[in-house]
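Each residue of the sequence shown is one higher than the one before, starting from 42 at the first, in this note's numbering.
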Amino acid sequence: MGSNFKVYVSGGREFFVWECDTAFYATKKEIKKDFELSQSLLDLLYMNMNDYFDVFNRMGKDVQSLDSRSDTAREIPPTLISAFDTLAGKHIFFELLRLDWFDRLDRYTKGESITFRYKDLTHIPMNIITFQNGMKAIFSKVLDVLSSDKPIQKKMSNLYKDQYAGVNSRFAFKPISTNFERVDSSTFAEVLYPKTIGDIVDFFLREIVKREFTFKQCRSCGKYFPAITAHGNSEYCNRLFQDTGKTCKEIGSAKVYQAKVENSPAIQAYNRAYKTHFARIKYKKMTKEDFQAWAEEARKFRDETTAGKMSLDEYEDWLKR
Numbered sequence: 042m043g044s045n046f047k048v049y050v051s052g053g054r055e056f057f058v059w060e061c062d063t064a065f066y067a068t069k070k071e072i073k074k075d076f077e078l079s080q081s082l083l084d085l086l087y088m089n090m091n092d093y094f095d096v097f098n099r100m101g102k103d104v105q106s107l108d109s110r111s112d113t114a115r116e117i118p119p120t121l122i123s124a125f126d127t128l129a130g131k132h133i134f135f136e137l138l139r140l141d142w143f144d145r146l147d148r149y150t151k152g153e154s155i156t157f158r159y160k161d162l163t164h165i166p167m168n169i170i171t172f173q174n175g176m177k178a179i180f181s182k183v184l185d186v187l188s189s190d191k192p193i194q195k196k197m198s199n200l201y202k203d204q205y206a207g208v209n210s211r212f213a214f215k216p217i218s219t220n221f222e223r224v225d226s227s228t229f230a231e232v233l234y235p236k237t238i239g240d241i242v243d244f245f246l247r248e249i250v251k252r253e254f255t256f257k258q259c260r261s262c263g264k265y266f267p268a269i270t271a272h273g274n275s276e277y278c279n280r281l282f283q284d285t286g287k288t289c290k291e292i293g294s295a296k297v298y299q300a301k302v303e304n305s306p307a308i309q310a311y312n313r314a315y316k317t318h319f320a321r322i323k324y325k326k327m328t329k330e331d332f333q334a335w336a337e338e339a340r341k342f343r344d345e346t347t348a349g350k351m352s353l354d355e356y357e358d359w360l361k362r
C-alpha cells in the first residue's frame, strides 16, 4: 500500500488524514487529526527553524550514504528513521515528510531502484523560512485587525499589485490540484493530496484568505491568534507563556486583575481583611465554616462598594468588626 496523506477543511476545522504500511511505520488503520482552521499555519509561522538546520543536514548525510551502499546491503541508518519520527511529532506538516520518505526507503530496501536527492531534505529549513516570511506579510498587511480598514480582498490585491515589488517577502502561491470528494457520512469537501509541505501551506493560506479570517497579536507574547475565538473576543492567546507554565490568557487575566486591585480601594481593603481573617483559622480563633461565611458576605459588600451602593468608609468599618 505504501502511504496516503490528504488534507481538507470542514466545519471551520482543518483535517489531516493518513495511512501508512511500511517496514518503518504501519498505522494499521486510517488516522485522522483536526485543529481549528489556521492553527497549523500559526504553529509553523513561529517555529524557530534555526534549531533544525543541523537536524536536516545530518539526515541529508544519512541519505547520501545510501548511494554508496551495495545492492546487497540496503539497510537504512537507524538515525534517519528516528529523525523522521521525531520531526513528525514536532509539527503535523512533517507527517507528510515522514510518510513520503518511509515509502521510498521501504521500496529501496525491497530492491527497487530509487533516486534519493539529499537536498530535498537539507533545503527544508530554508524553504520553511521563506514560507514564514510570505505568511508574515499576509498576516500583517492583510489579515491583521489593526491593518488598514480596506476590505481584505482589496488589501490582498494591493499586496500583490506590483509583480516585482517585495517579491522575496510575499508568499508565492502556485497552482494546486484538489479533488472534490466525500470526507464523511454527510460532507463533501475539496481535498488536497499534497506532494510537499509547501502544498499544504498554500492550501490553508488561500483558505483563510478566501474566508477572510482576521487575527490579533497577543498582548502577552506578540504572536498572532484568531481575532474571534471560541471563547469570544480576547486580547490574549492560549499559548503557554515562556516557561511560566501558564497561558498568555491566564497571565493577561492576572495583569488585568492586578491593575483592577491597584485602582480599587475596596478590593485592597477586602484583600487585607481576607488575610487577617484567614490567619485566625491557623491560630484557632475562627472556624473554617465561620471564615467561609464571613468571606462570602465580605465579597458581597465589596461588590456593592465597587458598584457605589455602599460607601468605602462603611465597608471598611464592617471589615474591622
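Beta carbons: idealized from backbone N, C-alpha and C, even for Gly. The structure displayed is predicted, hence computed values, not measured ones.
Which of the three DSSP states, helix, strand or coil, is assigned to residue i?
i, result
"VAL104", "helix"
"LEU360", "helix"
"GLU55", "strand"
"GLU116", "coil"
"TYR49", "strand"
"ASP95", "helix"
"ALA271", "With a pLDDT of 47 at ALA271, under the threshold of 50, the predicted position of this residue should be treated as unreliable, though the coordinate-derived value follows. Coil."
"GLU276", "coil"
"GLU291", "helix"
"GLY263", "coil"
"ASP284", "coil"
"ASP203", "coil"
"ALA129", "helix"
"ALA124", "helix"
"GLU355", "helix"
"SER198", "helix"
"PHE212", "coil"
Since residue i contacts residue j with CB under 8 Å, what's their CB separation in whole angstroms?
i, j, result
"LYS287", "CYS278", "Rounded, the Cβ-Cβ distance is 12 Å, inconsistent with contact."
"TYR149", "LEU107", "7 Å"
"GLY152", "PHE212", "With a Cβ gap of about 41 Å, GLY152 and PHE212 do not count as contacting."
"ILE170", "MET90", "5 Å"
"ILE165", "PHE57", "Not confirmed; about 18 Å, so no contact."
"PHE134", "ILE292", "Not quite, the Cβ-Cβ distance comes to about 29 Å (not below 8 Å), so this is no contact."
"THR120", "ASP103", "6 Å"
"PHE254", "SER79", "6 Å"
By Cβ distance below 7 Å, which residues in the same chain neighbour residue i in space, the five residues on each side in sequence not counted?
i, result
"PHE180", "PHE256 and TYR265"
"PRO306", "LEU353"
"ALA314", "ALA339 and LEU360"
"LEU162", "PHE97, MET100, GLY101 and VAL104"
"ILE122", "PHE65"
"ILE117", "LEU146 and THR150"
"GLY52", "none"
"ASP84", "HIS132"
Excluding the five sequence neighbours on either side, which residues of its own chain have a C-beta within less than 8 Å of the C-beta of residue i, listed in chain order?
i, result
"ARG321", "MET327 and PHE332"
"PHE244", "VAL48, ILE217, THR219, LEU233 and PRO235"
"PHE229", "PHE221, GLU222 and ARG223"
"LYS329", "ILE322"
"VAL183", "ILE193, LYS196, MET197, LEU200 and VAL250"
"MET351", "PHE342 and GLU345"
"THR347", "SER305, ALA307 and ILE308"
"ASP38", "Nothing can be reported for residue 38, as the shown portion of the chain is limited to 42 through 362."
"GLY239", "ASN168, PHE172 and LYS215"
"SER189", "LYS196"
"ALA129", "PHE135, GLU136, LEU138 and ARG139"
Using a Cβ-Cβ cut-off of 6 Å (strictly less than) and excluding sequence neighbours within five positions of residue i, which residues of its own chain qualify?
i, result
"LEU138", "none"
"ALA271", "Confidence at ALA271 is low in this model, with a pLDDT of 47, below 50, so its placement is unreliable and no value can be given for it."
"ALA64", "ASP147"
"GLU248", "VAL50"
"LYS385", "Here the chain covers residues 42 to 362 and nothing more, so residue 385 does not appear."
"SER210", "ASN174 and ALA178"
"TYR159", "GLY101, VAL104 and GLN105"
"PHE46", "TRP59, LEU137 and LEU140"
"ILE72", "TRP59"
"GLY43", "ASP144"
"TYR87", "LYS264"
How far does the beta strand (DSSP E) with residue i in it extend, from its first residue to its last?
i, result
"ASN220", "219 to 225"
"ASP75", "72 to 77"
"ARG187", "A small correction: the amino acid at residue 187 is Leu; Arg does not occupy that position in the sequence shown. Unbroken run through LEU187: none, as it is neither H nor E."
"LEU233", "228 to 233"
"LYS257", "256 to 258"
Residue i lies in the alpha helix (DSSP H); which residues open and close that run?
i, result
"VAL250", "238 to 251"
"ALA334", "329 to 347"
"THR150", "134 to 150"
"LYS323", "306 to 323"
"ASN174", "165 to 179"
"SER81", "80 to 86"
Check the Cβ-Cβ distances between residue i and every residue of chain C, and say whether any is below 9 Å.
i, result
"ASP161", "Of the chains in the structure shown, none is chain C; there is only one protein chain."
Within the present structure, is the beta-carbon of residue i separated from the nearest heavy atom of the ligand FAD by less than 8 Å?
i, result
"ILE249", "With respect to the ligand FAD, the structure offers nothing, as it holds no ligand at all."
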